[in-house]
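2 protein chains.
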Amino acid sequence: MQLSKFSDYALRVVVHLAASPDRLMSTRQIAEIHDAKYNHMAKVTGWLVSEGYAESLRGRGGGLRLSKDPSQISLGALLRKLEEDKPMVECLASGGGMCLLSPSCGLSLALQNAQEAFFKTLDPTTIKDVIGLAPGMANLLGALNSGSTTA
Amino acid sequence: MQLSKFSDYALRVVVHLAASPDRLMSTRQIAEIHDAKYNHMAKVTGWLVSEGYAESLRGRGGGLRLSKDPSQISLGALLRKLEEDKPMVECLASGGGMCLLSPSCGLSLALQNAQEAFFKTLDPTTIKDVIGLAPGMANLLGALNSGSTTA
Chain A
20 MQLSKFSDYA LRVVVHLAAS PDRLMSTRQI AEIHDAKYNH MAKVTGWLVS
70 EGYAESLRGR GGGLRLSKDP SQISLGALLR KLEEDKPMVE CLASGGGMCL
120 LSPSCGLSLA LQNAQEAFFK TLDPTTIKDV IGLAPGMANL LGALNSGSTT
170 A
Chain B
20 MQLSKFSDYA LRVVVHLAAS PDRLMSTRQI AEIHDAKYNH MAKVTGWLVS
70 EGYAESLRGR GGGLRLSKDP SQISLGALLR KLEEDKPMVE CLASGGGMCL
120 LSPSCGLSLA LQNAQEAFFK TLDPTTIKDV IGLAPGMANL LGALNSGSTT
170 A
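Going down the list, the protein sequences come from chains A and B.
Quick note: the first sequence uses the numbering used here, first residue 20, plus one each step.
Quick note: the second sequence uses the numbering used here, first residue 20, plus one each step.
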């Protein structure tokens with residue numbers, strides 16, 4: 020099972036911003052570091068701003084920063100929002116999708132329960148935990164950030 | 020989060036065959052009923068045969084049938100096999116994928132734990148359960164099957 024590329028990038032941006040709180044990053048810098056298309060990354064950072072996860076400061080020295088403390092960002096809640104309109108299989112699409120078996124099939128209920136277990140496992144994990152789960156993020160980001168162009 | 024189209028179709032075929040044990044179905048019939056391309060569905064049924072979930076009987080009156088009792092097919096085990104080579108995000112690809120944060124990021128561990136919770140929820144659920152979870156499957160399939168061309 021796969022998360023969307025949009026969710027993948029959104030997670031990276033949040034982790035990236037959380038681990039470099041002292042340096043504001045532009046969307047272009049983040050896109051460069053992650054070898055992503057600027058337009059795609061701009062949609063991701065725009066979504067994070069509109070959903071209140073990040074804020075964008077204009078002007079010299081401006082850029083993106085998290086608008087919440089990493090310890091207040093639940094990984095489960097973030098992923099639920101990111102994936103809420105992406106049905107796991109057709110029968111979980113709004114209206115039941117196109118699968119002809121939907122009206123009489125128990126798969127949708129079983130898969131919904133499993134998806135809920137997936138999110139529930141991630142609910143208590145915060146972005147602060149994610150950064151702390153593996154050492155060396157600050158050093159890694161220092162090296163990555165210094166390699167990017169300035170805003 | 021999404022299952023692959025391949026997994027989606029594989030689940031449908033297994034449910035379909037489990038719910039019509041008295042009628043062997045050809046790949047072409049199943050593809051027609053589910054409005055799928057024949058070539059795609061043939062890969063799915065070929066995989067189910069190669070993995071021992073289904074068998075194909077040749078000749079007049081031949082077709083596909085399950086080679087295991089539906090009560091012996093764990094939904095979790097089936098989905099683990101179907102999805103094992105499809106990483107949820109890049110950092111879960113073999114070799115760590117292309118995400119530069121991988122070496123120092125705790126996301127991969129958190130997502131792996133959540134994925135395991137997803138599969139574990141489905142492990143005790145069998146295809147027999149799936150058919151029993153919603154009523155009317157036999158009637159529905161009777162109507163769908165009678166609308167398809169014969170093998």
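Beta carbons: idealized from backbone N, C-alpha and C, even for Gly.
Look at Q48 (chain B): its C-beta is not under 7 Å from any C-beta on chain A.
Straight through space, the alpha carbons of L36 (chain A) and K24 (chain B) are spaced by roughly 34 Å.
Legend: CB atoms of the segment 129 to 141 of chain A lying less than 9 Å from CB atoms of chain B belong to residues A129, L130, N132, A133, Q134, E135, A136, F137, F138, K139, T140, L141.
When the beta-carbon positions are compared, L85 (chain A) and A73 (chain A) come within less than 7 Å of each other. Under the DSSP assignment, L85 (chain B) falls outside any alpha helix (DSSP H), being part of the beta strand (DSSP E) whose first and last residues are 82 to 85. Judged by DSSP secondary structure, A50 (chain A) falls within the alpha helix (DSSP H) whose first and last residues are 46 to 52. Excluding its 5 nearest sequence neighbours in each direction, K87 (chain A) has C-beta neighbours in its own chain below 8 Å: G71, Y72, listed in chain order. Looking at the DSSP output, A73 (chain B) sits in a beta bridge with B:L85.
If you ignore the 5 residues before and after M44 (chain B), its C-beta comes within less than 6 Å of the C-beta of G82, L83, all in its own chain and listed in chain order. In the three-state scheme derived from DSSP, where H, G and I count as helix and E and B as strand, S93 (chain B) is classed as strand. Remark: C-beta atoms of K147 (chain A) and P89 (chain A) approach each other more closely than 7 Å.
Secondary structure at T64 (chain B): helix, using DSSP grouped into helix, strand and coil.
Residues are counted here when their Cβ sits less than 9 Å from a Cβ of chain A; for the segment 77 to 108 of chain B these are L94, G95, L98, E102, K105, P106, M107, V108, given in chain order.
Below the 9 Å Cβ cutoff, chain B contributes C124, G125, L126, L128, A129 as neighbours of V149 (chain A), in chain order. DSSP, reduced to helix, strand and coil, places T140 (chain B) within a helical segment of the structure shown. For A55 (chain A), no alpha helix (DSSP H) encloses it, and the DSSP letter there is neither H nor E.
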